[in-house]
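Below: the structure, in structure tokens.
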Amino acid sequence: HTAGNYDEAMDAARAHAPRLAVVDLRMPGKSGLELVRDLRSLNDEIRVLVLSGFGSIATAVDAVKLGAVNFLPKPADADDILAAFERSDVELPEEVTPDVAEVPSLARAEWEHIHRILADCEGNISEAARRLGIHRRSLQRKLRKRAPE
Numbered sequence: 227h228t229a230g231n232y233d234e235a236m237d238a239a240r241a242h243a244p245r246l247a248v249v250d251l252r253m254p255g256k257s258g259l260e261l262v263r264d265l266r267s268l269n270d271e272i273r274v275l276v277l278s279g280f281g282s283i284a285t286a287v288d289a290v291k292l293g294a295v296n297f298l299p300k301p302a303d304a305d306d307i308l309a310a311f312e313r314s315d316v317e318l319p320e321e322v323t324p325d326v327a328e329v330p331s332l333a334r335a336e337w338e339h340i341h342r343i344l345a346d347c348e349g350n351i352s353e354a355a356r357r358l359g360i361h362r363r364s365l366q367r368k369l370r371k372r373a374p375e
């Protein structure tokens, strides 16, 4: 089931009692963090994954404190989402278990995220550094390194 805002999501959760939920941090009306909190209050068995295009480490920590099992930067595809649920030790129903041969290392995930943001910024290092919340020189150092395995 899909929902376009907080109220639709809560209505769907009450009607269908889902085991898994994927929540966008930014949504019309209330924030995704409020939705995480309220979904967990409604059903403490639900496993919530938070997606954000502008997430910081502090926001990720807040989401986990409120009960999210993981936090992913956007864009994320279905394989990314399923792998994130798997990394959080959530038991997935057989029909949604991905054929994930290997979950990337943290270093690899960071490298991919940096390059995705850089591509979104059309190669503008200063803009990418601003979006990543790091100094331009730090980003340049990271870009000089080879891709981790």
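Note that our numbering has the sequence shown beginning at 227, numbered continuously upward. We treat Cβ as the ideally placed atom computed from N, Cα and C, and that holds for glycine.
Coarse secondary structure for residue i, derived from DSSP in three states
| i | result |
| --- | --- |
| Lys-273 | Before going further, note that residue 273 is Arg rather than Lys in the sequence given. If DSSP states are grouped into helix, strand and coil, Arg-273 belongs with the strands. |
| Ile-351 | helix |
| Lys-368 | helix |
| His-227 | coil |
| His-361 | coil |
Residue i, buried or exposed, once every other Cβ within 10 Å from all chains shown has been counted against 16
| i | result |
| --- | --- |
| Val-262 | buried |
| Arg-273 | buried |
| Asp-305 | exposed |
| Val-248 | buried |
| Thr-228 | exposed |
| Ala-289 | buried |
| Ala-284 | exposed |
For residue j and residue i, believed in contact at Cβ under 8 Å, the rounded distance
| i | j | result |
| --- | --- | --- |
| Val-295 | Ser-314 | 4 Å |
| Ala-310 | Leu-275 | 6 Å |
| Leu-292 | Leu-259 | 6 Å |
| Ile-343 | Ala-333 | So it is not a contact: roughly 16 Å between Cβ atoms. |
| Lys-368 | Ile-340 | 6 Å |
| Pro-254 | Asn-269 | In fact, because the Cβ distance is near 23 Å, the residues do not count as touching under 8 Å. |
Chain D contact for residue i (CB, 8 Å cutoff)
| i | result |
| --- | --- |
| Leu-246 | The chain labelled as chain D is not found in the depicted structure, where only one protein chain is given. |
Uninterrupted alpha helix (DSSP H) stretches inside the region 230-310 (no shorter than 4 residues) = The qualifying runs are 232-242, 258-268, 283-291.
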